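Engineer: Here it is: the structure, laid out below.
Residue numbers (my numbering): 331 to 491.
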């Protein structure tokens, strides 16, 4: 479900950034970077649930042990202290820092490599075969809880090769 929704989010993003879509179609070697930029810029999973195992100080506030917290991957992935020009969607972005869409440490997503491979291959092939993808109607979205993604993504395109 996450990969399907992430691919739909990617198509939605590229429809809003047609110059990036064209670049991906011309330069298939950018497919892996494009997948990572889609994941960084607008991940299908935006947060996770954790419980503090010890008292933690964060920005001068104490989070007591046992407190449920919901760290936001979306906020971390757009942190200007870690990503230059974080609000710009750019598939040529260097991997200056790794995004946190898949979490980290012992909680790192076990399916991360498969998801990256599926997203990278799908976006690369679609960019070459559907060079003029554009939105063709209203996009509707799931509620922003759990896995995010469109419930309807009307697009139009001219099939390529």
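By construction, the Cβ of each residue, glycine as well, lies at the ideal position given by its N, Cα and C atoms. Just so you know, these numbers come straight off a predicted model, no measurement behind them.
Which same chain residues end up closer than 8 Å to residue 484 when comparing Cβ atoms and leaving out the 5 residues on each side of it in sequence?
Structural biologist: Start at 1 with the first residue of the chain shown, and residue 484 comes out as number 154. Same-chain partners within the cutoff: 465, 466, 467, 468 and 469.
Engineer: Out of 360, 371 and 349, state which residue places its alpha-carbon closest to the alpha-carbon of residue 452.
Structural biologist: Locating residue 452 in the chain shown gives position 122, counting from the first residue. When each option's Cα is compared against that of residue 452, the closest is 360.
Engineer: Which residue marks the beginning of the alpha helix (DSSP H) containing residue 393, and which one marks its end?
Structural biologist: Residue mapping note: residue 393 aligns to position 63 of the chain shown, counting from 1. Element bounds for residue 393: not the alpha helix (DSSP H) but the beta strand (DSSP E), 391-393.
Engineer: Between residue 379 and the rest of its own chain, which residues show a CB-CB distance below 7 Å, the 5 nearest in sequence each way excluded?
Structural biologist: As a first step, residue 379 must be located in the chain shown, where it is residue number 49. Excluding residues within five positions, the ones whose Cβ falls inside 7 Å are 398 and 400.
Engineer: Hey, quick one: how far does the beta strand (DSSP E) through residue 482 stretch, first residue to last?
Structural biologist: Within the chain shown, the letter at position 152 stands for residue 482. Residue 482 -> beta strand (DSSP E) spans 480-482.
Engineer: Would a C-beta distance cut-off of 8 Å place residue 370 and residue 429 closer than the cut-off?
Structural biologist: Within the chain shown, the letter at position 40 stands for residue 370. Within the chain shown, the letter at position 99 stands for residue 429. Contact: yes.
Engineer: For residue 418, does the count of other Cβ atoms within 10 angstroms reach 16, so buried, or fall short, so exposed?
Structural biologist: As a working note, residue 418 is residue 88 in the chain shown. Exposed, by the Cβ-count rule.
Engineer: Roughly how many angstroms separate the alpha carbons of residue 460 and residue 355, rounded to a whole number?
Structural biologist: For this step, residue 460 is matched to residue 130 along the chain shown. For this step, residue 355 is matched to residue 25 along the chain shown. Cα to Cα, residue 460 sits roughly 9 Å from residue 355.
Engineer: Roughly how many angstroms separate the alpha carbons of residue 445 and residue 422, rounded to a whole number?
Structural biologist: By 1-based counting over the chain shown, the position of residue 445 is 115. By 1-based counting over the chain shown, the position of residue 422 is 92. Approximately 20 Å between the Cα atoms of the pair.
Engineer: Where does residue 377 sit, in a helix, a strand or coil, going by DSSP?
Structural biologist: What you label residue 377 is simply residue 47 of the chain shown in a count that begins at 1. Strand at residue 377.
Engineer: Does the separation of the CB atoms of residue 424 and residue 365 fall below 8 Å?
Structural biologist: What you label residue 424 is simply residue 94 of the chain shown in a count that begins at 1. What you label residue 365 is simply residue 35 of the chain shown in a count that begins at 1. Contact: no.
Engineer: Helix or strand or just coil, what does DSSP make of residue 332?
Structural biologist: Taking the chain shown and counting its residues from 1, the one referred to as residue 332 is at position 2. Correct three-state label for residue 332: helix.
Engineer: State the beta-bridge partners of residue 387 as determined by DSSP.
Structural biologist: Mapped onto the chain shown, residue 387 falls at position 57. In the DSSP output, where bridge partners are listed per residue, residue 387 has 392.
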